[in-house]
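Going by numbering that gives the first Met the number 0, the first residue of the sequence shown is number 0, and it counts up by one from there. Note that beta-carbon positions come from the ideal geometry of N, C-alpha and C, so glycine has one too. Everything numeric in this text was worked out from a predicted model, so none of it was measured. To keep things clear, I will list the structure first and then write my remarks on it.
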Amino acid sequence: MPTSYPETFFPVLVQIALAAIIAGALVGLSYFLGKKVKDLVKDTPYECGIAPTGSARERFSVKFYLVAIVFILFDIEAIFLYPWAVVYRELKMFAFVEMLLFVILIMSGFFYIWKKGALDWSAEGPEVKEELARRVVVSK
0 MPTSYPETFF PVLVQIALAA IIAGALVGLS YFLGKKVKDL VKDTPYECGI APTGSARERF
60 SVKFYLVAIV FILFDIEAIF LYPWAVVYRE LKMFAFVEML LFVILIMSGF FYIWKKGALD
120 WSAEGPEVKE ELARRVVVSK
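In structure tokens, the structure reads:
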């Protein structure tokens with residue numbers, strides 16, 4: 000067993016040094032052995048095998064960010080469920096009531112954003128749908 004700090008952290012330092020050496024060697028080898036050809040195809044952005052369309056400066060809908068926040072919200076909820084499950088038998092009813100309160104608060108936020116329409120994935124908002132319905136009525 001290690002008895003001093005240098006002996007304790009020596010394996011960690013060796014691992015960091017090996018990782019740095021391997022990373023440097025891989026980057027250096029690819030730089031020295033790789034072809035250096037500049038052309039239009041290599042300079043275009045790569046989008047999952049699909050030819051890029053449009054500008055990269057397009058605006059995202061606010062709904063995109065709302066869905067991302069909801070994902071983080073439920074991700075955090077799942078993270079808190081694991082330690083709760085570990086200590087549930089020790090805390091008994093107290094743990095149950097606390098988690099029930101936590102889940103009720105999370106679900107109230109979920110139902111609020113659902114009611115606000117943040118989870119509606121349709122391209123048109125309610126204003127656009129009303130305008131389209133009015134145009135259909137007028138054209139008849």
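query, result
"Can you tell me where the alpha helix (DSSP H) holding VAL45 begins and where it ends?", "Per the sequence shown, residue 45 should be read as Tyr rather than Val. No alpha helix (DSSP H) contains TYR45, which DSSP labels as neither H nor E."
"Could you have a look at LEU17 and say whether DSSP puts it in helix, strand or coil?", "helix"
"Where TYR87 and GLU76 are concerned, what is the direct C-alpha to C-alpha distance, given to the nearest angstrom?", "16 Å"
"Helix, strand or coil, according to DSSP, for GLY116 in the structure here?", "coil"
"Compute the distance between the beta-carbons of LYS185 and ALA117, then report whether it is under 8 Å.", "Given a span of 0 to 139 for the chain in the structure shown, any question on residue 185 remains unanswerable."
"To the nearest angstrom, how far is the alpha carbon of LYS35 from that of LYS41?", "10 Å"
"Within this structure, are the beta carbons of MET106 and TRP83 separated by less than 8 Å?", "no"
"Distance, Cα to Cα, PHE101 vs PHE110?", "14 Å"
"Can you tell me where the alpha helix (DSSP H) holding LEU35 begins and where it ends?", "Per the sequence presented here, residue 35 reads as Lys, with Leu not at that position. Where LYS35 is concerned, there is no enclosing alpha helix (DSSP H), given that its DSSP letter is neither H nor E."
"Considering just the uninterrupted stretch of the alpha helix (DSSP H) at PHE59, what are its terminal residues?", "Run containing PHE59: none; DSSP gives neither H nor E here."
"What I want to know is whether the C-beta of VAL102 ends up closer than 7 Å to one or more non-hydrogen atoms of the ligand SAM.", "Judged by which ligands are present, the structure shown has none, so any question about the ligand SAM falls away."
"Using the three-state DSSP reduction, which class does GLY27 fall into: helix, strand or coil?", "helix"
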